[in-house]
Amino acid sequence: MIDFIKNLFTKDEDEDLLTKLPDNVALLNNQGSFLWYNDLAQKNFSDIKETFAEGYIDDIFENAMDFIVKIADKEKTTILRTKSSLEKDMFFEVSAKRTNEGYLAIFRNNTQSYKTLTSILVEHESSKKINRDKNNFLVKLANDFLTPLQSISGFSKALLDGISGELNDKQKKYINIINKNSEEVVSLYSKVLDLSKSESNLFERKLDYFDAVNVLNDIIKLNNNEITEKGLTVNVEISPDIKRTIYSNEECLRLILQNIIEVAINTTDVGEITITLKHPELELVNDKGLVPFENASEKSFLMVSVKDMGLGISEEDLDTLFEPYAQLDSPNRKNIIRSILFATIKNVIKMLKGNMWVDTEAMQGTTYNVIIPAEKVIQNEQ
């Protein structure tokens, strides 16, 4: 029997290789009874069950043979739990190979690693659930927060417009402060709310046909006051062969464009912002991790690029661009808001099965690039 087992290995290997392996090795027949085992297996299996050699591998591990048959010759492993009177369960990682005599199985004691990993996974799932519950709670309270904030903003604006008569200079000064701060709070809360919704998958993945060019034009108009106040120029470059009608989620695309354009406006003090709408080359699509379906063409995807003329993003800031919680200690409020916006974009683009990346150069500005599927067939394929 030992000679048979040795023949499973190359001639260059030591004849006593199996007996010296740091793992438990056993040869089992098709029913799971022991034909041979190395010294280590004899020692360890005896600790689990004194009379193990007189029985079957299933006497030591839960449903062992079922799993061994499934993984044999598939270059896979499985975790088996011991059946013993020991105070604590033990876990072994098992690999197996089918032989003429039955199955050669190798058992590695991974009890500590398995329990550590299980503990980490349980903690991770618990953390995810807490985060989802927190975000759901925040979303459900949205109206309770936003309604009074919007009332403060709205009524203070009405006072400034003279709804209750002429205000003196001192009154105007204080009400202006109230109005400005309340609008900032409403804006910030809305951004945090969008992030919470995206983290908890509360955005509905409602896919339909719509005009992407119209959506872009709407977002530019929405930001026109800020663009005018800063004296910026917005250049829109739409590829001549653009397929305007795409199949995606219009609400999500609006949110993506709004967040990117808002950041571009905030980081550009002088000059222009260039927005490009086109179909990307399939080579670029593949390079960015999006796998086209068999008959995909360039028009199966939509690419939006927004280039600002800001100072660029430092390498340190780029590492945490999509991580708002890593910015909590940052004294720069703009960086925190930017990361909230981009974390939301990242989550929403993932839902749309797209991708985003950033190209930046010091003193040369930053380009924000987004690719999303634009055809119904590819949404169904992925």
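If you read the sequence shown in numbering that gives the first Met the number 0, its first letter stands for residue 0, the second for the next number, and so on. Heads up, the beta-carbon is just placed ideally off N, CA and C, and yes, glycines get one too. Predicted model, so just to flag it, every value in this text is computed and none were measured.
Quick one: Cα of residue i to Cα of residue j, how far?
i, j, result
"residue 218", "residue 257", "6 angstroms"
"residue 180", "residue 261", "18 angstroms"
"residue 384", "residue 345", "Outside the shown range of the chain, which is 0 to 381, sits residue 384, and nothing can be said about it."
"residue 233", "residue 274", "7 angstroms"
"residue 289", "residue 354", "8 angstroms"
"residue 245", "residue 171", "48 angstroms"
"residue 383", "residue 332", "No statement about residue 383 is possible, as the shown extent of the chain runs from 0 to 381 and does not include it."
"residue 367", "residue 361", "15 angstroms"
"residue 176", "residue 325", "30 angstroms"
"residue 153", "residue 189", "16 angstroms"
"residue 295", "residue 350", "20 angstroms"
"residue 267", "residue 108", "59 angstroms"
"residue 221", "residue 259", "13 angstroms"
Report the three-state DSSP secondary structure of residue i (helix, strand or coil).
i, result
"residue 60", "strand"
"residue 261", "helix"
"residue 312", "coil"
"residue 92", "strand"
"residue 115", "helix"
"residue 166", "coil"
"residue 372", "strand"
"residue 193", "helix"
"residue 99", "coil"
"residue 202", "coil"
"residue 207", "strand"
In chain order, what residues of the same chain have a beta carbon less than 7 angstroms from the beta carbon of residue i, not counting five sequence neighbours either side?
i, result
"residue 347", "197, 202, 251, 254 and 255"
"residue 339", "190, 191, 194 and 323"
"residue 282", "none"
Closer than 6 angstroms by C-beta to residue i: which residues in its own chain qualify, once you throw out the five before and the five after it? Chain order, please.
i, result
"residue 412", "Since the first residue shown for the chain is 0 and the last is 381, residue 412 is missing from the structure and cannot be characterised."
"residue 341", "320 and 321"
"residue 77", "66, 70 and 93"
"residue 43", "23"
"residue 55", "31 and 32"
"residue 79", "60, 63, 91 and 93"
"residue 155", "174, 177 and 178"
"residue 229", "none"
I'd like the list of long-range same chain contacts for residue i, defined as Cβ closer than 8 angstroms, with 5 residues on each side in sequence excluded.
i, result
"residue 212", "237, 241, 243 and 276"
"residue 271", "231, 232, 233, 234 and 308"
"residue 148", "181, 184, 185 and 188"
- Message: I'd like to know if the region 64 to 72 and the region 38 to 51 are in contact, where contact means that at least 3 CB-CB pairs between them fall below 8 angstroms.
- Response: With a cut-off of 8 angstroms on Cβ pairs, the region 64 to 72 is not in contact with the region 38 to 51, counting fewer than three such pairs.
- Query: Are three or more beta carbon pairs between the region 358 to 372 and the region 298 to 308 nearer than 8 angstroms?
  - Reply: Three or more beta-carbon pairs separated by less than 8 angstroms link the region 358 to 372 to the region 298 to 308, which places the two stretches in contact.
- Examine the Cβ distances between the region 159 to 174 and the region 309 to 326 and report whether three or more of them are shorter than 8 angstroms. Contact check between the region 159 to 174 and the region 309 to 326: fewer than three CB pairs, one atom from each, fall below 8 angstroms, which does not count as touching.
- Unbroken beta strand (DSSP E) runs of length 3 or more, entirely within the region 21 to 62: which are they? 23 to 27 and 33 to 36
- Query: Which full runs of the alpha helix (DSSP H) of 4+ residues lie inside the region 314 to 370, going along the chain?
  - Reply: Listed in chain order, they are 314 to 318 and 332 to 350.
- Task: Identify every run of the beta strand (DSSP E) within the region 270 to 302, keeping only runs that are complete inside it and at least 3 residues long; order them along the chain.
- Result: 271 to 277
- Counting only runs that start and end within the region 210 to 269, where is the beta strand (DSSP E) found for 3 or more residues in a row? With a minimum length of 3 residues, the continuous beta strand (DSSP E) runs that stay inside the region 210 to 269 are 232 to 237 and 244 to 247.
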